[in-house]
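First comes the structure, then the notes that go with it.
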Amino acid sequence: GQAGVAGLAIGFALKDTVANYIASTLLTLRRPFEANDIVRIGDQEGTVARLTPRSTILITTDGNHVSVPNGTVIQSVIVNFTRRPQRRFSFEVGIGAADDAGKACRVTRDAIVATQGVIADPAPACIVKAFGNYNLILEASGWVDQRASSFLSVRGLAIAAVRDALLAQGIDLPDPIVQVRQLGEAAPAEAAAPKTARTDLQDMAEQQPESEAAEQAAREAEEGENLMKKAAPE
Numbered sequence: 007g008q009a010g011v012a013g014l015a016i017g018f019a020l021k022d023t024v025a026n027y028i029a030s031t032l033l034t035l036r037r038p039f040e041a042n043d044i045v046r047i048g049d050q051e052g053t054v055a056r057l058t059p060r061s062t063i064l065i066t067t068d069g070n071h072v073s074v075p076n077g078t079v080i081q082s083v084i085v086n087f088t089r090r091p092q093r094r095f096s097f098e099v100g101i102g103a104a105d106d107a108g109k110a111c112r113v114t115r116d117a118i119v120a121t122q123g124v125i126a127d128p129a130p131a132c133i134v135k136a137f138g139n140y141n142l143i144l145e146a147s148g149w150v151d152q153r154a155s156s157f158l159s160v161r162g163l164a165i166a167a168v169r170d171a172l173l174a175q176g177i178d179l180p181d182p183i184v185q186v187r188q189l190g191e192a193a194p195a196e197a198a199a200p201k202t203a204r205t206d207l208q209d210m211a212e213q214q215p216e217s218e219a220a221e222q223a224a225r226e227a228e229e230g231e232n233l234m235k236k237a238a239p240e
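Mapped onto the working numbering, the consecutive letters of the sequence shown carry residue numbers 7 to 240.
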């Protein structure tokens, strides 16, 4: 009857509660992350604010609080970006299909090397990844020491530097080309795709999204229940 249904519902609720509590104990013992670590848990990424008996609290780079049940955390793949200070960034660049890919890669690597915050070892890299519908796709990468620099800011500066360097060397960065033809009319002459306007992105160096998130996470870690604080070694 109704009592059986209610008992079943309570049983399921208690099951989740007990599972989260046990998971919090395991997380406290295993310590896959600490407060202020930047982590990815499943498809959630952010700075660890605190660990409670029920959930792990993350602060995303845009300031949102995400509560991940500990039962989910313990069963998920956890990537801790802070445990190893060196972190790799990568991005794709589309150049004109007729451009010299070797030259474009050299220019790209040199631009990344010259970017403030990019470390020399491991060295930046550039490879030809694939043909696009209207271009040739390169994949560029570099490394950042997160103890000294903001990962997202350095990555943004590297992208801007590569764009400027390629344009300065006359390498085309084509936009998608769509041809529209009407029946009964001659096809218009194919026009070169316009280049996007140059903009100054150097103010990105002043943005420190991870640092801001870490500072906010540190404040959050001081408020409320935090099992990581209790379990910290003396």
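Glycine included, every Cβ here is placed at the ideal spot set by N, Cα and C.
| request: Look at the Cβ atom of F39, then the Cβ atom of I80, and state whether they are nearer than 8 Å. | output: no
| task | Could I get the ranges of all uninterrupted beta strand (DSSP E) runs contained in the stretch 9-66, with 3 residues as the minimum, in chain order? | result | 44-47, 50-57 and 61-65
| message | Can you tell me where the alpha helix (DSSP H) holding V160 begins and where it ends? | response | Looking at the DSSP string, the run of the alpha helix (DSSP H) that includes V160 is F157 to A174.
| Out of L64, D151, N141 and T66, which has the shortest C-alpha to C-alpha gap to F95? | Minimum Cα-Cα distance from F95 among the listed residues L64, D151, N141 and T66 corresponds to D151.
| request: Give the single residue among N70, V24, T31 and L20 whose Cα lies nearest to the Cα of M234. | output: Closest by C-alpha distance to M234, out of N70, V24, T31 and L20, is T31.
| Buried versus exposed call for A166 [16 or more other C-beta atoms within 10 Å across all chains shown] | buried
| query | How is Q92 classed by DSSP in three states: helix, strand or coil? | reply | strand
| query | Helix, strand or coil: which one does DSSP assign to V83? | reply | coil
| query | To which residues does DSSP link N141 through a beta bridge? | reply | G102
| field | For D4, three-class secondary structure by DSSP | value | The structure shown does not extend to residue 4, since the chain is modelled only from 7 through 240, so no value can be given for it.
| task | Can you tell me the Cβ-Cβ gap for I177 and V113, rounded? I've got them flagged as a contact below 8 Å. | result | Between V113 and I177 the Cβ distance is about 7 Å, and since that is below 8 Å, they are a contact.
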